[in-house]
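Printed below as a string of structure tokens:
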């Protein structure tokens, strides 16, 4: 019998494909997410747009809140810890959350090191803006990658930039010779064996999801068409005027992302989306995507 | 050539496509009921059964899969097994009732309890040793008289067959175990990809 292996961690990530993972801050929201068809929920104290507004230090959630959500939904429950804060991830492991997000949405605890995720029994997901960053996180043990996008912005532009960057860099690796791959590994600061793997597969060795700015069914369809295998929706649902209907609409658009007619149906008659921020409204020092490396 | 459909509403449908391709079978993703007219077999993959149940209901998929199943074989893995059951101990799920079994979702625990076990599968006087990867797996609590148990683990059935349908609580597609796909979709071959098998056992 084997347990907690990397393959089993990636196995759960495989099961989450083609779905929507929703940020929730309490049991009531978690139940709404589940009955709308979310394939998992991310339990956190404040959604990213509120973290951005409130300022201060954002930390791991109170375990009680995570336990309450676990008791009330049957789908996988994920939770966030700060970048480099392995004591927080150890706590989340004792709570037996199904996935840990070492997330730039929370205030980083270590500016130099990310968590060594191979040591955990729980699978990890990490954000990335480019292929080098994605492969460094996989090297540390991440079983799933998501684009960072710009969390809490309601603006899809950064998620698109990150997904296009990663996809483009992967395509490029598939046509390089071995000596060029080594040079490329040096250039992007990525472990060579993983660079070789991507060159062979043309894709990441773990599922690649989209996050950070998805607010509408069309946003979900866009990210899926750009190569995301699932989407995370943070502030986009519970910061909108009718979370329940919007949640269902995003789920439908994610499944039927290639069917514009169905995405149109899902987009029809929704109340206002979250207001959102233009990137020029977010000073560079306050961009969450800059956290971590 | 015979085409097999893989229900692609949510879950690990990609891994089933890969396995079917390795068997030389053509497969298409089934997201709407009209796709069922183009296939002669269906895989319902793992994923989240609440999600699958909601997406099936909203598209009136339930009755079309039920009538498809009268003629063609259906293979369900994990969440797919839950969807194929007659009874699920969870009101959130509206199952298809293709297998006379009662299923309890996530009965083996959360992700931290997920495991890969070596199990024995009985098929036509041969015992096949295969790896079984159970991820937040459902448990088959009861089976009806017409249901054949193909494999057991820890005192409970983990693979069952009724008529031309098979339900499994684990993920053969993650370990490249192809015999279930072969039994249903390539009934004449019966080679069970011996090379892959032996590799898995060793």
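Protein chains in written order, with the working numbering: chain A, 303 to 595; chain B, -10 to 191.
Glycine is no exception: its CB is placed at the ideal position from the N, C-alpha and C atoms.
Model, not experiment: these values are computed from the prediction.
Next on the checklist: Can you pull the chain A neighbours of residue 95 of chain B, defined as C-beta to C-beta under 9 angstroms?
Outcome noted: Within the second chain, numbered from 1, the residue matching residue 95 of chain B stands at position 106. Near residue 95 of chain B (Cβ distances below 9 angstroms), the residues of chain A are 376.
Next on the checklist: Between residue -1 of chain B and chain A, is the shortest Cβ-Cβ distance under 8 angstroms, so that the two count as touching?
Outcome noted: Residue numbering aside, residue -1 of chain B sits at position 10 when the second chain is read from its first letter. Yes, its Cβ sits closer than 8 angstroms to a Cβ of chain A.
Checklist entry - Can you find a CB in chain A that lies within less than 8 angstroms of the CB of residue 105 of chain B? => result What you label residue 105 of chain B is simply residue 116 of the second chain in a count that begins at 1. Closer than 8 angstroms to some Cβ of chain A, the Cβ of residue 105 of chain B qualifies, so yes.
Checklist entry - Anyone know if the C-beta pair for residue 379 of chain A and residue 437 of chain A falls short of 8 angstroms? => result Position 77 of the first chain holds residue 379 of chain A. Position 135 of the first chain holds residue 437 of chain A. Not closer than 8 angstroms, so no.
Checklist entry - Among residues of its own chain, excluding the 5 on either side of residue 25 of chain B, which ones have a beta-carbon nearer than 8 angstroms to its beta-carbon? => result Stepping through the second chain from its first residue, residue 25 of chain B is reached at position 36. So the qualifying residues of the chain are -6, 19, 31, 53, 54, 57.
Checklist entry - What do you reckon, are the CB atoms on residue 367 of chain A and residue 384 of chain A nearer than 8 angstroms? => result One-based indexing of the first chain puts residue 367 of chain A at position 65. One-based indexing of the first chain puts residue 384 of chain A at position 82. Contact flag unset, no.
Next on the checklist: I'd like the list of long-range same chain contacts for residue 517 of chain A, defined as Cβ closer than 6 angstroms, with 5 residues on each side in sequence excluded.
Outcome noted: Numbered from its first residue, the first chain carries residue 517 of chain A at position 215. Same-chain partners within the cutoff: 456, 538, 575, 576.
Checklist entry - Which residues does DSSP pair with residue 448 of chain A in a beta bridge? => result Along the first chain, one-based indexing puts residue 448 of chain A at 146. Residue 448 of chain A is bridged to A:429, A:511.
Checklist entry - What is the DSSP secondary structure of residue 414 of chain A, counted as helix, strand or coil? => result Locating residue 414 of chain A in the first chain gives position 112, where the first residue counts as 1. Three-state result, residue 414 of chain A: coil.
Checklist entry - Alpha carbon to alpha carbon, how far is residue 389 of chain A from residue 540 of chain A? => result Your numbering for residue 389 of chain A matches position 87 in the first chain. Your numbering for residue 540 of chain A matches position 238 in the first chain. Roughly 29 angstroms between the two C-alpha positions.
Item to check | Extent of the continuous alpha helix (DSSP H) to which residue -3 of chain B belongs | outcome: Start at 1 with the first residue of the second chain, and residue -3 of chain B comes out as number 8. It is not in any alpha helix (DSSP H) - residue -3 of chain B carries neither H nor E in the DSSP assignment.
Item to check | Where residue 542 of chain A sits in the DSSP three-state scheme | outcome: Position 240 of the first chain holds residue 542 of chain A. The answer is coil: DSSP assigns residue 542 of chain A none of H, G, I, E or B.
Checklist entry - Using the beta-carbon of each residue, which ones in chain A are nearer than 8 angstroms to residue 2 of chain B? => result On the second chain, residue 2 of chain B is found 13 positions in, with the first residue counted as 1. Per Cβ cutoff of 8 angstroms: 319, 320.
Item to check | Own chain partners of residue 410 of chain A with C-beta closer than 7 angstroms, once the 5 adjacent residues on each side are dropped | outcome: If you number the first chain from 1, residue 410 of chain A lands on position 108. The answer, listed in chain order, is 384, 385, 386, 593, 594.
Next on the checklist: Check for me: the alpha helix (DSSP H) holding residue 64 of chain B runs from which residue to which?
Outcome noted: Here residue 64 of chain B refers to the residue found at position 75 when the second chain is read from its first residue. That residue, residue 64 of chain B, is in no alpha helix (DSSP H); its beta strand (DSSP E) goes 63 to 66.
Checklist entry - Taking Cβ positions only, does residue 557 of chain A come closer than 8 angstroms to chain B? => result For the purposes of this step, residue 557 of chain A is taken as residue 255 along the first chain, with counting starting at 1. Yes, its Cβ sits closer than 8 angstroms to a Cβ of chain B.
Checklist entry - Taking the alpha carbon of residue 277 of chain A as the point to measure from, which residue in A:310, A:306, A:370 has its own alpha carbon closest? => result Lying before the first or after the last residue shown, residue 277 of chain A is absent from chain A, which here runs from 303 to 595.
Next on the checklist: If you follow the beta strand (DSSP E) that residue 141 of chain B is in, where does it begin and where does it stop?
Outcome noted: The count along the second chain starts at 1 and reaches residue 141 of chain B at position 152. Residues 137 to 142.
Checklist entry - Which first and last residues belong to the alpha helix (DSSP H) in which residue 567 of chain A is found? => result Residue numbering aside, residue 567 of chain A sits at position 265 when the first chain is read from its first letter. Per DSSP, residue 567 of chain A belongs to the alpha helix (DSSP H) from 562 to 569.
Next on the checklist: Suppose you measure from the CA of residue 2 of chain B to the CA of residue 51 of chain B; what does that come to, to the nearest Å?
Outcome noted: Your numbering for residue 2 of chain B matches position 13 in the second chain. Your numbering for residue 51 of chain B matches position 62 in the second chain. Taking the straight line from one Cα to the other gives about 18 angstroms.
Next on the checklist: With the cut-off set at 8 angstroms, would you say residue 110 of chain B and residue 117 of chain B are in Cβ contact?
Outcome noted: Mapped onto the second chain, residue 110 of chain B falls at position 121. Mapped onto the second chain, residue 117 of chain B falls at position 128. Against a cut-off of 8 angstroms, the Cβ pair of residue 117 of chain B and residue 110 of chain B comes out as a contact.
Next on the checklist: I'd like to check one pair, residue 67 of chain B with residue 146 of chain B: are the Cβ atoms closer than 8 angstroms?
Outcome noted: Sequence index remark: in the second chain, residue 146 of chain B carries index 157 (1-based). Sequence index remark: in the second chain, residue 67 of chain B carries index 78 (1-based). No, these two residues do not count as a Cβ contact at 8 angstroms.
Item to check | residue 175 of chain B burial status per 10 Å Cβ neighbour count (16 or more: buried) | outcome: For this step, residue 175 of chain B is matched to residue 186 along the second chain. Under this definition residue 175 of chain B is a buried residue.
Next on the checklist: For residue 355 of chain A, count the other beta carbons within 10 Å of its own beta carbon; 16 or more makes it buried, fewer makes it exposed. Which is it?
Outcome noted: Taking the first chain and counting its residues from 1, the one referred to as residue 355 of chain A is at position 53. With fewer than 16 Cβ atoms within 10 Å of its Cβ, residue 355 of chain A is classed as exposed.
Next on the checklist: Taking its Cβ as the centre, do 16 or more other Cβ atoms sit within 10 Å of residue 39 of chain B, making it buried, or is it exposed?
Outcome noted: Taking the second chain and counting its residues from 1, the one referred to as residue 39 of chain B is at position 50. Buried.
Checklist entry - Comparing the C-beta of residue 446 of chain A with each C-beta of chain B, is any distance below 8 angstroms? => result Counting from one through the first chain, the residue named residue 446 of chain A turns up at place 144. Closer than 8 angstroms: no.
Checklist entry - DSSP on residue 21 of chain B, reduced to helix/strand/coil? => result In the second chain, residue 21 of chain B corresponds to position 32, counting from 1. Correct three-state label for residue 21 of chain B: coil.
Next on the checklist: What are the residues in the region 56 to 86 of chain B lying within 7 angstroms of chain A by C-beta distance?
Outcome noted: 79, 81
Next on the checklist: Any beta carbon from chain B within less than 8 angstroms of residue 425 of chain A's own beta carbon?
Outcome noted: In the first chain, counting from the first residue as 1, residue 425 of chain A sits at position 123. At least one chain B Cβ lies under 8 angstroms of residue 425 of chain A.
Next on the checklist: List, in chain order, every chain A residue whose beta-carbon is nearer than 8 angstroms to that of residue 163 of chain B.
Outcome noted: Here residue 163 of chain B corresponds to residue number 174 of the second chain, with the count starting at 1. Ordered by position in chain A, the residues that pass the 8 angstroms Cβ test against residue 163 of chain B are 309, 313, 316.
Checklist entry - The alpha helix (DSSP H) spanning residue 50 of chain B covers which residue range? => result The sequence position of residue 50 of chain B within the second chain is 61, counting from 1. Note, residue 50 of chain B: alpha helix (DSSP H), 50 to 60.
Next on the checklist: Considering Cα atoms alone, identify which of A:397, A:563, A:360, A:321 is closest to residue 526 of chain A.
Outcome noted: As a working note, residue 526 of chain A is residue 224 in the first chain. Nearest option by C-alpha distance: A:321.
Next on the checklist: Measuring only the C-alpha atoms, how far is residue 103 of chain B from residue 466 of chain A?
Outcome noted: Sequence index remark: in the second chain, residue 103 of chain B carries index 114 (1-based). Sequence index remark: in the first chain, residue 466 of chain A carries index 164 (1-based). Each residue's alpha carbon lies about 34 angstroms from the other.
Checklist entry - Taking 8 angstroms as the CB-CB limit, is residue 570 of chain A close to chain B? => result As a position in the first chain, residue 570 of chain A is number 268, starting the count at 1. Taking Cβ atoms only, chain B never reaches closer than 8 angstroms to residue 570 of chain A, which makes this a no.
Checklist entry - Grouping DSSP H, G and I as helix and E and B as strand, with all else coil, what is residue 459 of chain A? => result Counting from one through the first chain, the residue named residue 459 of chain A turns up at place 157. Three-state result, residue 459 of chain A: helix.
Checklist entry - Rounded to a whole number of angstroms, what is the C-alpha to C-alpha distance between residue 144 of chain B and residue 360 of chain A? => result Within the second chain, residue 144 of chain B is the residue found at index 155, counting from 1. Within the first chain, residue 360 of chain A is the residue found at index 58, counting from 1. One C-alpha to the other measures close to 46 angstroms.
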